[in-house]
Amino acid sequence: MFHRPSMKHLRVIVWIAMGLLPAVGVQAQQVSSRNTLGIAMVSVPGGNFSMGSCLVRSERDVFLGRACENPDHDAKMNETPQHTVSVPAFQISKTEVTLRQFKQFIVSTGRENLVDAQFMQHNNQGDSAPVVRVSWNDAQDFVRWLNQVDGGGWRLPSEAEWEYACRANTPGRFCSVTVNETVSAWTADNSAGHQHPVGLMLPNAWGLHDMSGNAWEWVQDCWTDSYAAAPTDGSAAQGSNCSFHALRGGAWNSPVWETRAATRINNSADYRGNQYGFRVARSVR
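Going left to right, the sequence shown walks through residues 448 to 732 as the working numbering numbers them.
#1: Can you give the beta carbon distance from valine 579 to asparagine 700, rounded, assuming they're within the 8 angstroms contact cut?
#2: Would glutamate 664 and tryptophan 583 qualify as a contact pair, given that the criterion is a beta-carbon distance under 8 angstroms?
#3: If the criterion is Cβ atoms closer than 8 angstroms, does the pair leucine 484 and glutamine 551 meet it?
#4: Drop a sphere of 10 angstroms on the beta-carbon of valine 666, count the other beta-carbons inside from all chains shown, and report buried for 16 or more, exposed for fewer.
#5: Around the C-beta of leucine 511, are 16 or more other C-beta atoms found within 10 angstroms, so that it is buried, or is it exposed?
#6: Looking at the secondary structure, which residues open and close the beta strand (DSSP E) in which arginine 729 lies?
#7: Cα separation between arginine 397 and phenylalanine 589?
#8: Have a look at isoleucine 463 and alanine 677 and give me their C-alpha separation to the nearest angstrom.
#9: Taking the straight line between their C-alpha atoms, what separation do you get for glycine 697 and alanine 675?
#10: Classify arginine 591: buried if its beta carbon has 16 or more other beta carbons within 10 angstroms, exposed otherwise.
#11: How many Å lie between glycine 646 and valine 624 at the Cα?
#12: Counting Cβ pairs closer than 8 angstroms, one from the segment 520-529 and one from the segment 486-504, do we hit at least three?
#13: What first and last residue would you give for the alpha helix (DSSP H) that runs through aspartate 608?
#14: For arginine 729, count neighbouring Cβ atoms within 10 angstroms of its own Cβ and tell me buried if that reaches 16, exposed if not.
#15: Expressed to the nearest angstrom, what Euclidean distance is found between the alpha-carbon atoms of serine 480 and aspartate 574?
#16: Could you check the C-alpha separation between methionine 567 and leucine 561 for me, to the nearest Å?
#17: Are the CB atoms of alanine 652 and alanine 615 nearer to each other than 8 angstroms?
#18: Under DSSP, the alpha helix (DSSP H) around phenylalanine 496 begins and ends at which residues?
#19: Determine, using beta carbons only, whether leucine 546 and alanine 576 come nearer to each other than 8 angstroms.
#20: Does the beta-carbon of cysteine 622 have 16 or more other beta-carbons within 10 angstroms, so that it is buried, or is it exposed?
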């Protein structure tokens, strides 16, 4: 019997035909589960990876063997030292949390106070776009509510989990499976000045969309200025500066270099940035 391919599968076929997506990555796009809000979760296998960046060193460092093999000319000090992290298996949402999903939280919890003029102004690209103008505290409130309505274990990903899922066992500085960032990420180069519905750009090798660009994503970690004392087990850093937290991935107004897998910024837990959103994670039981 002939089965008409879905639009999703037609899109994948086109991507492969164009050479933008390797055929080996198609299976990785399978959704492991979908919760009551419709948030699609992808299972990420456990493993080790090199987290962070290696700075460009002087000619003397290179001569003395103190330079890394693949320095990043865009690397910042807060991305160092590059270090190996062992990440247990976990689940992460296939896309950023959408405005539609966040509206369900607002209505269910009576948090209409979140919907001020700024929130409506910056969330004007439709219900399928990533919700923005969300603080770290707001994201935590969403996660607590999600644990009440859909079982336990929901949380923000750690920085290590986020970067591991972004890199997806692929080389290079970005989350994408192609060197052409214009088909992998909404950035200042192609966004027309606003966020876009999730899932329109090519996924990475593990089937995750918009890990680069579209919206900055809050992660669980307290902010640290470097990885000097960072956990190596995939857990979130619990530093002394827990009034500030890390964000990853860049946004629609970011230059391309800012959407690198290692890029990290921070802001206060109560700050509602115009480009700040999040995605959720869940531990594997």
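Don't be surprised by glycine CBs; every beta carbon is placed ideally from N, CA and C.
Looking at the atomic coordinates:
#1: Actually they do not touch by this definition, with Cβ atoms about 11 angstroms apart.
#2: no
#3: Their beta carbons are under 8 angstroms apart, which means leucine 484 touches glutamine 551 by this criterion.
#4: Its Cβ being crowded by 16 or more others within 10 Å, valine 666 is buried.
#5: exposed
#6: Taken as a continuous stretch (DSSP letters only), the beta strand (DSSP E) holding arginine 729 covers 728-730.
#7: This structure cannot speak to residue 397, because the chain is shown only from 448 to 732.
#8: Residue confidence is low: isoleucine 463 scores 40 on pLDDT, short of 50, so the model does not pin down where it sits. Its coordinate-derived value is still stated next. Cα-Cα distance, rounded: 38 angstroms.
#9: 23 angstroms
#10: exposed
#11: About 15 angstroms.
#12: yes
#13: Reading off the sequence, residue 608 comes out as glutamate, not aspartate. Taken as a continuous stretch (DSSP letters only), the alpha helix (DSSP H) holding glutamate 608 covers 606-614.
#14: buried
#15: 21 angstroms
#16: 9 angstroms
#17: yes
#18: Premise fails: phenylalanine 496 lies in the beta strand (DSSP E), 494-498, not in any alpha helix (DSSP H).
#19: Against a cut-off of 8 angstroms, the Cβ pair of alanine 576 and leucine 546 comes out as a contact.
#20: buried
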